[in-house]
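Protein sequences, first through last, are from chains C and P. Reminder that position 100 of the first sequence reads as 129 in the working numbering, one-by-one numbering, no gaps. Reminder that position 15 of the second sequence reads as 260 in the working numbering, one-by-one numbering, no gaps. In this text, a Cβ means the ideal position worked out from N, Cα and C, and glycines have one as well. Contents: one structure, followed by commentary.
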Amino acid sequence: MVQLLASAEALTVLIAGESDLLRVRSALRTEAQNVGMGLTAATKLITAGSELARNIVRYAANGCGRVSIEQIHDAERRGVRATFSDDGPGIADVDEAMRDGFSTADSLGLGLPGTRRLVDEFSIDSQIGRGTTVVIGKWSR
Amino acid sequence: MLRMGTDLLITLQGDLDDTTVEHVEHEVTREVARVHATGVLIDISGLAVVDSFVARVLARLVAMIRLLGARTTVVGIQPAVAITLVELGVPMRHVRTALNAEQGLAHLRGVPDGPAAR
Numbered sequence: 030m031v032q033l034l035a036s037a038e039a040l041t042v043l044i045a046g047e048s049d050l051l052r053v054r055s056a057l058r059t060e061a062q063n064v065g066m067g068l069t070a071a072t073k074l075i076t077a078g079s080e081l082a083r084n085i086v087r088y089a090a091n092g093c094g095r096v097s098i099e100q101i102h103d104a105e106r107r108g109v110r111a112t113f114s115d116d117g118p119g120i121a122d123v124d125e126a127m128r129d130g131f132s133t134a135d136s137l138g139l140g141l142p143g144t145r146r147l148v149d150e151f152s153i154d155s156q157i158g159r160g161t162t163v164v165i166g167k168w169s170r
Numbered sequence: 246m247l248r249m250g251t252d253l254l255i256t257l258q259g260d261l262d263d264t265t266v267e268h269v270e271h272e273v274t275r276e277v278a279r280v281h282a283t284g285v286l287i288d289i290s291g292l293a294v295v296d297s298f299v300a301r302v303l304a305r306l307v308a309m310i311r312l313l314g315a316r317t318t319v320v321g322i323q324p325a326v327a328i329t330l331v332e333l334g335v336p337m338r339h340v341r342t343a344l345n346a347e348q349g350l351a352h353l354r355g356v357p358d359g360p361a362a363r
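If you want it as structure tokens, here you go:
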């Protein structure tokens with residue numbers, strides 16, 4: 030596992046309603062541009078972020094959460110990492126939620142597996158009654 | 246929303262929030278019924294990001310327009326958006342698409358597809 034170095038400042042966007050999705054997408058686009066990410070990779074990153082932000086609005090307690098966006102780099106690449114967290118109900122079975130076809134509410138069973146396919150790095154940590162944190166990372170090529 | 250004979254032309258652009266997308270869906274459906282449109286061309290070349298919600302509303306809109314007896318063609322999907330939607334796994338198989346407005350209009354008029362159009 031490569032040790033990722035994050036630059037000092039991370040940008041935090043609060044997610045409290047559907048209109049914040051625009052701010053999340055815009056912040057991800059800006060950071061993708063800052064690290065010189067190509068259009069296709071940036072589009073995947075922004076779309077993945079939009080999916081995760083919408084999950085927070087739909088499922089988290091009061092539809093509230095936050096995303097922290099920062100630049101990352103290793104020896105030869107730069108990228109963007111975004112950490113989405115909420116204090117919502119949590120996901121009972123994370124392994125099941127990560128399987129294609131699993132559906133919680135009105136989604137068509139896309140959601141997390143589809144989102145994971147769009148990014149280079151994906152991790153999820155969820156505790157019942159405590160909340161869920163999803164971290165995604167995308168490298169510029 | 247533009248009217249051209251019995252066709253409606255709709256252009257979506259910018260970064261759309263969910264409310265706007267659903268508003269467009271509602272308005273277009275009503276307009277198709279009101280003017281007895283036979284064809285609807287939806288140009289999404291101005292959308293840099295189409296997430297699963299927007300894609301789902303688009304697919305639903307196409308289904309509703311079909312119930313109203315009209316045909317729909319979605320044109321101008323940006324390559325990065327197409328790649329993203331396929332990887333995301335959004336089912337849009339029943340949505341008829343074309344590369345540009347010209348091909349899209351040909352679809353609406355029932356002109357047989359060329360070899361590259363399908």
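Exercise for the section: Give a yes or no on whether the minimum CB-CB distance between Ser-155 of chain C and chain P is below 7 Å. Expected result: No, Ser-155 of chain C does not count as interfacial toward chain P.
Problem - Spatial distance of Thr-256 of chain P from Ile-287 of chain P (CA atoms) - result: Those two C-alpha atoms are separated by around 6 Å.
Practice task
Using DSSP bridges, identify the partner residues of Thr-112 of chain C.
Solution key: Listed as beta-bridge partners of Thr-112 of chain C by DSSP are C:Ser-97 and C:Val-164.
Practice task
Could you tell me whether any Cβ in chain P is nearer than 7 Å to the Cβ of Asp-135 of chain C?
Solution key: With a pLDDT of 44 at Asp-135 of chain C, under the threshold of 50, the modelled position of that residue is not reliable, and no figure is offered here.
Exercise for the section: Determine the contact status of Val-335 of chain P and Ala-300 of chain P, defining contact as a CB-CB distance below 7 Å. Expected result: In contact: Val-335 of chain P and Ala-300 of chain P (Cβ atoms closer than 7 Å).
Practice task
Look at the Cβ atom of Val-320 of chain P, then the Cβ atom of Asn-345 of chain P, and state whether they are nearer than 7 Å.
Solution key: With contacts defined by Cβ atoms closer than 7 Å, Val-320 of chain P and Asn-345 of chain P form a contacting pair.
Exercise for the section: Residues of the region 323-348 of chain P with a CB closer than 9 Å to any CB of chain C: list them in chain order, please. Expected result: Using a CB distance below 9 Å, the part of the region 323-348 of chain P facing chain C consists of Gln-323, Pro-324, Ala-325, Val-326, Ile-328, Thr-329, Leu-330, Glu-332, Leu-333, Gly-334, Val-335 and Pro-336, ordered along the chain.
Handout entry: Separation of Arg-87 of chain C from Leu-40 of chain C, as counted between CA atoms
Key = If you take the alpha carbons of Leu-40 of chain C and Arg-87 of chain C, they lie about 23 Å apart.
Handout entry: Pairwise C-alpha distance: Ala-126 of chain C and Val-96 of chain C
Key = For Val-96 of chain C and Ala-126 of chain C, the distance between alpha carbons rounds to 21 Å.
Practice task
With a floor of 4 residues, list each alpha helix (DSSP H) that falls wholly inside the region 44-106 of chain C, ordered by position along the chain.
Solution key: The qualifying runs are 49-63 and 68-88.
Practice task
Tell me, please, whether the CB atom of Ile-85 of chain C is closer than 7 Å to any CB atom in chain P?
Solution key: Judged by the 7 Å Cβ criterion, Ile-85 of chain C is not in contact with chain P.
Practice task
List in chain order: all unbroken beta strand (DSSP E) runs of 3+ residues lying wholly within the region 261-345 of chain P.
Solution key: Given a length threshold of 3 residues, each whole run of the beta strand (DSSP E) inside the region 261-345 of chain P is given here in chain order: 284-291 and 316-320.
Handout entry: Assigned secondary structure, Glu-38 of chain C (DSSP; H/G/I helix, E/B strand, else coil)
Key = Coil at Glu-38 of chain C, not helix or strand.
Exercise for the section: Have a look at the DSSP bridge pairing and note the partners of Arg-248 of chain P. Expected result: P:Leu-253.
Exercise for the section: Determine the chain P residues that contact Ser-79 of chain C at a beta-carbon separation under 7 Å, and present them in chain order. Expected result: Contact note: Ser-79 of chain C reaches chain P through Val-294 and Asp-296, using a C-beta cutoff of 7 Å and chain order.
Practice task
Starting from Ile-153 of chain C, follow its DSSP beta bridges and name the residues at the other end.
Solution key: Ile-153 of chain C is bridged to C:Val-163.
Exercise for the section: Name, going along the chain, the residues of the region 257-286 of chain P whose beta-carbon falls closer than 8 Å to a beta-carbon of chain B. Expected result: The question asks about chain B, but that chain is absent: this structure's protein chains are C and P.
Practice task
Let me know if Arg-54 of chain C comes out buried or exposed under the rule of 16 or more other beta-carbons within 10 Å of its beta-carbon.
Solution key: By the beta-carbon neighbour count (other beta carbons within 10 angstroms, threshold 16), Arg-54 of chain C is buried.
Practice task
Check the Cβ of Glu-47 of chain C against every Cβ in chain P and list those closer than 8 Å, keeping chain order.
Solution key: Going along chain P in sequence order, the residues near Glu-47 of chain C (Cβ under 8 Å) are Asp-262, Asp-263 and Thr-264.
Exercise for the section: For chain P, find out if any of its Cβ atoms is closer than 7 Å to the Cβ of Thr-59 of chain C; answer yes or no. Expected result: Chain P, which has no Cβ nearer than 7 Å to the Cβ of Thr-59 of chain C, makes this no.
Exercise for the section: State the Cα-Cα distance for the pair Ala-134 of chain C and Gly-119 of chain C, rounded to the nearest angstrom. Expected result: Bear in mind that the predicted position of Ala-134 of chain C carries a pLDDT of just 46, short of 50, making it unreliable; the figure below should be weighed with that in mind. Each residue's CA atom was taken as its position, placing Ala-134 of chain C and Gly-119 of chain C some 14 Å apart.
Exercise for the section: Drop a sphere of 10 angstroms on the beta-carbon of Gln-156 of chain C, count the other beta-carbons inside from all chains shown, and report buried for 16 or more, exposed for fewer. Expected result: Burial call: exposed.
Practice task
With 7 Å as the C-beta to C-beta threshold (strictly closer), list the residues of the region 64-76 of chain C near chain P in chain order.
Solution key: From the region 64-76 of chain C, only Leu-68, Thr-69, Thr-72, Lys-73, Ile-75 and Thr-76 have a Cβ closer than 7 Å to chain P.
Handout entry: Alpha carbon of Val-295 of chain P to alpha carbon of Glu-105 of chain C, nearest angstrom
Key = Cα to Cα, the separation comes out at about 31 Å.
Handout entry: Cβ neighbours of Leu-203 of chain P in the same chain (closer than 6 Å, five flanking residues each side left out)
Key = Residue 203 of chain P falls outside the range modelled here, since chain P spans only 246 to 363, and no answer is possible.
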